[in-house]
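Asks:
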Amino acid sequence: MLIDTSRANLLITGGAGFMGSCFIRQLLKDPLFTGKVVNLDALTYSGNLDNLKVFEEDPRYLFVKDNILNQNLVEKLLFEEKIDAIVHFAAETHVDRSISDASAFMQTNVLGTTSLLEAVRKYPHVHFHHISTDEVYGALGDTGSFSEDSSYLPNSPYAASKAASDHFVRAYGKTYGISTTISHAGNNYGPCQYPEKLIPFIVTQLLKKGALPLYGKGDNVRDWLFVEDHANAVRLILEKGRSSEVYNIASSQEITNLGLTKLIIKLFARKTNSDIEELESLITFVEDRPGHDFRYSMNTSKIANEVGFVPKYALQEGLSETVSWYLENTSWLKNVLNEEYDTWVESQYEACK
Ligand code: DAU
2 MLIDTSRANL LITGGAGFMG SCFIRQLLKD PLFTGKVVNL DALTYSGNLD
52 NLKVFEEDPR YLFVKDNILN QNLVEKLLFE EKIDAIVHFA AETHVDRSIS
102 DASAFMQTNV LGTTSLLEAV RKYPHVHFHH ISTDEVYGAL GDTGSFSEDS
152 SYLPNSPYAA SKAASDHFVR AYGKTYGIST TISHAGNNYG PCQYPEKLIP
202 FIVTQLLKKG ALPLYGKGDN VRDWLFVEDH ANAVRLILEK GRSSEVYNIA
252 SSQEITNLGL TKLIIKLFAR KTNSDIEELE SLITFVEDRP GHDFRYSMNT
302 SKIANEVGFV PKYALQEGLS ETVSWYLENT SWLKNVLNEE YDTWVESQYE
352 ACK
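Basically the numbering used here = 1-based index in the sequence shown + 1.
1) Between the segment 3-23 and the segment 78-93, are three or more C-beta pairs nearer than 8 Å?
2) Going by C-alpha distance, which of L117, A305, G48 and T35 is nearest C23?
3) Relative to the C-alpha of T144, which residue among G292, R223 and F286 is closest?
4) Taking the straight line between their C-alpha atoms, what separation do you get for L44 and Y177?
5) Leaving out the 5 sequence neighbours to the left and right, which residues in its chain are closer than 6 Å to F269 when beta-carbon positions are compared?
6) Beta-carbon separation of I372 and Y190 under 9 Å?
7) Within 8 Å: the Cβ of F227 and any heavy atom of the ligand DAU?
8) Taking the alpha carbon of T115 as the reference point, which residue from H293, T181 and A234 has its own alpha carbon closest?
9) So what's F295 in DSSP terms, helix, strand or just coil?
10) On the three-pair Cβ rule with 8 Å, is the segment 126-140 touching the segment 149-156?
11) Going by beta carbon distance, what residues of the same chain come within less than 6 Å of N258, once the five residues before and after it are set aside?
12) Measure how close the beta-carbons of I266 and E288 come, nearest whole angstrom, since I'm counting them as under 8 Å.
13) Go through its chain and collect everything with a Cβ distance to A234's Cβ below 6 Å, but skip five positions before and after it.
14) State the Cα-Cα distance for the pair G242 and E307, rounded to the nearest angstrom.
15) Ordered along the chain, which non-local residues of its own chain (more than five positions away) have a Cβ less than 6 Å from that of V247?
16) Compute every distance between the C-beta of K198 and the non-hydrogen atoms of the ligand DAU, then say whether any falls below 8 Å.
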């Protein structure tokens with residue numbers, strides 16, 4: 002066993018974000034969890050403490066607002082909170098933002114990760130789990146899938162920054178003997194996702210009856226993983242994985258962006274008594290994303306065989322839950338649809354002006 006996650010003291014970076022907060026909620030909802038969660042988050046544009054409101058008073062939970070680049074603080078937390086493992090979610094993650102300006106991606110994803118690794122060098126009993134992405138492997142055509150041994154061929158500045166951070170994690174493991182694991186996940190979706198990513202963006206636009214901009218012909222393919230499944234997979238890796246190993250996490254539920262958008266429209270129409278054809282007429286094909294990866298797909302036999310991960314959510318079920326969550330949590334959405342968000346959407350999409 003790598004880490005006994007039921008008793009461990011865990012430093013979660015980026016724990017106020019979409020994927021990190023889901024991981025924390027899963028832990029703190031587990032009545033058998035007697036360890037401690039320290040959530041280190043800088044609360045940049047997509048970090049949101051509303052995602053963890055119910056646990057504010059939980060004695061097993063501590064929130065620290067700061068940047069992962071603050072190495073002194075990280076070292077202090079490792080020491081004072083007797084941390085057993087870091088689960089590193091904090092990252093700049095939106096491909097389109099990285100195309101507009103890559104600097105924050107180099108800062109957070111590359112320098113931020115190495116800063117954490119430097120801190121771990123001083124506390125070498127601490128295990129380091131790095132959350133990464135399938136995008137480091139590049140893009141696929143109509144067939145095939147990546148494995149943990151596939152070459153790194155990142156195409157976007159975002160993917161390049163994650164690839165660089167993966168290399169640092171591996172190198173620190175090899176050079177300094179730090180215990181590390183890396184996971185590469187496919188496209189996560191679910192409640193609490195900032196509405197710049199495709200699924201929550203489409204739902205937000207449907208609520209406004211605004212344009213639904215699909216890049217190119219909408220025929221790019223993604224493999225969608227419900228965020229609860231992702232969190233569960235990461236916990237299993239921490240428990241049952243092997244140090245220095247890499248694990249791919251996916252659900253093998255591929256669909257084109259157009260197919261996915263139509264599915265969201267169907268669910269949204271059913272839940273809001275709206276007219277499907279009217280909503281479909283909002284679909285607008287717009288200029289393609291530069292360097293747009295056509296398809297991602299990963300072979301998941303390693304994570305299934307070694308740690309026993311099997312995704313629980315079928316796409317239709319996870320999507321239905323997600324659409325309902327956004328419909329029921331209008332105050333969460335209202336809080337994030339601020340001026341900064343509108344400025345981003347307008348700068349990004351001619352069709353949404
Ligand atoms: O594959 C894992 C990756 O998935 C993560 O590592 C990234 O952090 C995450 O952003 C995501 O990358 P994608 O570029 O695949 O996700 P996004 O939601 O931005 O886009 C999904 C697909 O939808 C992609 O083919 C681009 C397309 N798209 C996206 C948006 C926001 C559109 O056609 N229109 C849009 O408005």
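Every residue gets a Cβ at the ideal spot worked out from N, C-alpha and C, and that includes glycine.
Replies: Let's see:
1) yes
2) Counting from 1 along the sequence shown, the entry for residue 23 is found at position 22. Nearest of L117, A305, G48 and T35 to C23, Cα basis: G48.
3) The residue given as residue 144 occupies position 143 in the sequence shown. The option with the nearest alpha carbon to T144 is R223.
4) Translated into positions along the sequence shown, residue 44 becomes position 43. Translated into positions along the sequence shown, residue 177 becomes position 176. So the alpha carbons of these two residues sit roughly 31 Å apart.
5) One-based indexing of the sequence shown puts residue 269 at position 268. Correct list, in chain order: L207 and V324.
6) The first residue shown for the chain is 2 and the last is 354, placing residue 372 beyond what the model contains.
7) Residue 227 sits at position 226 when you count from the first residue of the sequence shown. No - the ligand DAU has no heavy atom lying nearer than 8 Å to the Cβ of F227.
8) Residue numbering aside, residue 115 sits at position 114 when the sequence shown is read from its first letter. Selected option, being the one with the closest Cα: T181.
9) What you label residue 295 is simply residue 294 of the sequence shown in a count that begins at 1. If DSSP states are grouped into helix, strand and coil, F295 belongs with coil.
10) yes
11) For the purposes of this step, residue 258 is taken as residue 257 along the sequence shown, with counting starting at 1. Within the same chain, N258 has close Cβ partners L215, G219 and N221.
12) Taking the first residue of the sequence shown as 1, we reach residue 266 at position 265. Taking the first residue of the sequence shown as 1, we reach residue 288 at position 287. Rounded, the Cβ-Cβ distance is 22 Å, inconsistent with contact.
13) Within the sequence shown, residue 234 is the residue found at index 233, counting from 1. Closer than 6 Å at Cβ, skipping near neighbours: I250 and F310.
14) Here residue 242 refers to the residue found at position 241 when the sequence shown is read from its first residue. Here residue 307 refers to the residue found at position 306 when the sequence shown is read from its first residue. Going from the Cα of G242 to the Cα of E307 covers about 7 Å.
15) The residue labelled residue 247 in the question sits at position 246 within the sequence shown. Cβ within range, chain order: E149 and I183.
16) As a first step, residue 198 must be located in the sequence shown, where it is residue number 197. Yes, the ligand DAU has a heavy atom inside 8 Å of this Cβ.
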